[in-house]
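Position one of the sequence shown corresponds to residue 33 (the numbering used here), numbered consecutively onward. Note that the Cβ used here is the ideal one computed from N, Cα and C, for glycine as well. Being a predicted model, the structure only gives us computed values, none of them experimental. Following: one structure in structure tokens, then a few remarks.
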Amino acid sequence: MGIVEESTNPIGVFDSGLGGLSVWRVLQKSLPSENFIYVADSKHSPYGDKEEVEIIERSLAITDFLLSKNCKMIVVACNTATAAAIQTLRETYPTIPFIGMEPAIKLAATKTKNNSVGVLATAGTLKGKLYLETSQKYASHVHTNIQAGKGLVEIVEEGKIGTVECHELLKKYIQPMLDDKADQIVLGCTHYPFLSEEIQKITGPSVSLIDPAPAIAKQAERILNDSRLKTNNENPSITFYTNGNIDRLKALLNSIQKKPTEILSF
Numbered sequence: 033m034g035i036v037e038e039s040t041n042p043i044g045v046f047d048s049g050l051g052g053l054s055v056w057r058v059l060q061k062s063l064p065s066e067n068f069i070y071v072a073d074s075k076h077s078p079y080g081d082k083e084e085v086e087i088i089e090r091s092l093a094i095t096d097f098l099l100s101k102n103c104k105m106i107v108v109a110c111n112t113a114t115a116a117a118i119q120t121l122r123e124t125y126p127t128i129p130f131i132g133m134e135p136a137i138k139l140a141a142t143k144t145k146n147n148s149v150g151v152l153a154t155a156g157t158l159k160g161k162l163y164l165e166t167s168q169k170y171a172s173h174v175h176t177n178i179q180a181g182k183g184l185v186e187i188v189e190e191g192k193i194g195t196v197e198c199h200e201l202l203k204k205y206i207q208p209m210l211d212d213k214a215d216q217i218v219l220g221c222t223h224y225p226f227l228s229e230e231i232q233k234i235t236g237p238s239v240s241l242i243d244p245a246p247a248i249a250k251q252a253e254r255i256l257n258d259s260r261l262k263t264n265n266e267n268p269s270i271t272f273y274t275n276g277n278i279d280r281l282k283a284l285l286n287s288i289q290k291k292p293t294e295i296l297s298f
């Protein structure tokens, strides 16, 4: 297969469910000519409280599916799957570029004026080697309030954003950070940017929320350029797959883009 042919192949993006759409929307804005295939593994969501072996198993199965669709790059748009599986994925498929979600704790530690940051993530991400090493290396000099946001993934997956239940759960996790004078909050799960508006109602404008998606998009563009795999499609295709509720995926998609999209069962 020639380089031109390969360059028109799609970029694969996957998550435990709908959260990775927060990454896909930034990728799509940064790389508007690229074809995309997105897989939402909602049937097995959330990943945050699953055993590492199960997350690796799911990540390998989805990667096999994306490679069967000739994806030229795969973005693991899930912090928990990145922590558990990205090393195995890179070892198993050494010729495929994988991009994972890196904890934005470094940026938070750089930006804080109060020497206090909050990290909202899943239990799986927080106990992962990647987060622990990054935190130790870049944030050991600042106070860090860590909250494992149990239940927040389900709020997004079940379309409960903006409900009283959503507000109360967020308050439970965000208030301890505010009590610690945190002025930066790391959104350590790709579902959480969809909760940004609700979080800011609690924090007010003086607290910054840090979403790692823009950095992921920059990394993807750099790799595509370096590999000469960037394309210039005039009519790029975007296909979504889910093994969960198609209507919920459709509803969230409609809130972030207006054009019709193809949604298939996975």
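Residue i versus residue j - alpha carbon distance
| i | j | result |
| --- | --- | --- |
| residue 230 | residue 247 | 23 Å |
| residue 275 | residue 298 | 5 Å |
| residue 266 | residue 58 | 19 Å |
| residue 285 | residue 71 | 13 Å |
| residue 244 | residue 98 | 23 Å |
| residue 84 | residue 92 | 12 Å |
| residue 146 | residue 208 | 15 Å |
| residue 42 | residue 227 | 28 Å |
| residue 204 | residue 259 | 45 Å |
| residue 232 | residue 193 | 13 Å |
| residue 127 | residue 238 | 44 Å |
| residue 236 | residue 135 | 23 Å |
| residue 124 | residue 111 | 19 Å |
| residue 240 | residue 142 | 12 Å |
| residue 82 | residue 169 | 27 Å |
| residue 287 | residue 225 | 13 Å |
| residue 96 | residue 90 | 10 Å |
| residue 65 | residue 289 | 16 Å |
| residue 104 | residue 214 | 40 Å |
| residue 100 | residue 164 | 34 Å |
| residue 270 | residue 279 | 17 Å |
| residue 291 | residue 283 | 12 Å |
8 Å Cβ cutoff met for residue i and residue j
| i | j | result |
| --- | --- | --- |
| residue 55 | residue 222 | yes |
| residue 272 | residue 294 | yes |
| residue 174 | residue 144 | yes |
| residue 44 | residue 69 | yes |
| residue 196 | residue 178 | no |
| residue 220 | residue 157 | yes |
| residue 94 | residue 120 | no |
| residue 77 | residue 190 | no |
| residue 216 | residue 140 | yes |
| residue 242 | residue 218 | yes |
| residue 102 | residue 268 | no |
| residue 277 | residue 48 | no |
| residue 171 | residue 206 | no |
| residue 211 | residue 148 | no |
| residue 296 | residue 50 | no |
Sequence-distant residues of the same chain with beta carbon closer than 7 Å to residue i, five excluded per side
| i | result |
| --- | --- |
| residue 118 | 108, 130 and 132 |
| residue 33 | Low confidence applies here, because residue 33 scores a pLDDT of 39, under 50, leaving its location unreliable; read the following figure in that light. Hits under 7 Å: none found. |
| residue 113 | 48, 79, 87 and 91 |
Same chain, Cβ closer than 6 Å to residue i, neighbours up to 5 away in sequence not counted
| i | result |
| --- | --- |
| residue 256 | 262 |
| residue 162 | 115 |
| residue 39 | 261 and 263 |
| residue 249 | 58, 59 and 62 |
| residue 167 | 137 |
| residue 160 | 115 |
| residue 46 | 71 and 94 |
First through last residue of the beta strand (DSSP E) which encompasses residue i
| i | result |
| --- | --- |
| residue 45 | 43-47 |
| residue 297 | 294-297 |
| residue 148 | 148-153 |
| residue 69 | 68-72 |
| residue 106 | 105-108 |
| residue 240 | 240-242 |
Same chain, Cβ closer than 8 Å to residue i, five either side skipped, listed in chain order
| i | result |
| --- | --- |
| residue 180 | 80, 153, 154, 155 and 158 |
| residue 183 | 201 |
| residue 310 | Past the boundaries of the shown model lies residue 310; the chain is included only from 33 to 298, so the question cannot be answered. |
Where the alpha helix (DSSP H) through residue i begins and ends
| i | result |
| --- | --- |
| residue 98 | 84-100 |
| residue 164 | 161-170 |
| residue 142 | 137-143 |
| residue 177 | Premise fails: residue 177 lies in the beta strand (DSSP E), 175-180, not in any alpha helix (DSSP H). |
| residue 206 | 196-211 |
| residue 188 | 184-189 |
C-beta neighbour in chain B for residue i, strict 8 Å
| i | result |
| --- | --- |
| residue 195 | The structure shown contains no chain B; it is built from a single protein chain. |
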